[in-house]
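This report refers to the structure that appears directly beneath it.
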Amino acid sequence: LLPLSLFNDWAPALDREQETVFLCHHGIRSAQVCAFLARQGFDKIYNLAGGIDRWSQEVDPSVPRY
Numbered sequence: 851l852l853p854l855s856l857f858n859d860w861a862p863a864l865d866r867e868q869e870t871v872f873l874c875h876h877g878i879r880s881a882q883v884c885a886f887l888a889r890q891g892f893d894k895i896y897n898l899a900g901g902i903d904r905w906s907q908e909v910d911p912s913v914p915r916y
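Per my numbering, the sequence shown starts with residue 851, numbered consecutively.
Encoded structure:
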């Protein structure tokens, strides 16, 4: 996992050919990153809709909610 707060540090290493999922607490910040990257020509990027919180509620309750 790479923190969005350090985006400028790790973004140059992103591989346009590799599928990449972005996630955050509620899926809002990660959606913004996906939109930005899409404008830069990335097309294999995905946002975890609803974020970690929704994932914990609907898919895997063992993931802690915070």
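Heads up, the beta-carbon is just placed ideally off N, CA and C, and yes, glycines get one too.
For residue i, which residues from the same chain have a beta carbon less than 7 Å from its beta carbon, with the 5 sequence-adjacent residues on both sides left out?
i	result
Trp860	Leu852
Asn897	Phe872, Gly877, Ser880, Ala881 and Cys884
Ile895	Thr870, Phe872, Cys884, Leu887 and Ala888
Asp903	His875, His876 and Arg915
Could you tell me which of the options sits nearest to residue i, measuring between CA atoms?
i	options	result
Gln890	Thr870, Leu854 and Arg866	Arg866
Mind checking whether residue i and residue j have CB atoms under 7 Å apart?
i	j	result
Gly900	Cys874	no
By Cβ distance below 6 Å, which residues in the same chain neighbour residue i in space, the five residues on each side in sequence not counted?
i	result
Phe892	Arg866
Tell me which same chain residues have a C-beta within less than 8 Å of the C-beta of residue i, skipping the five on either side of it?
i	result
Trp905	Leu873, Leu898 and Val913
Quick check: the Cα distance between residue i and residue j, rounded to an integer number of angstroms?
i	j	result
Pro862	Tyr916	30 Å
Leu856	Gln868	20 Å
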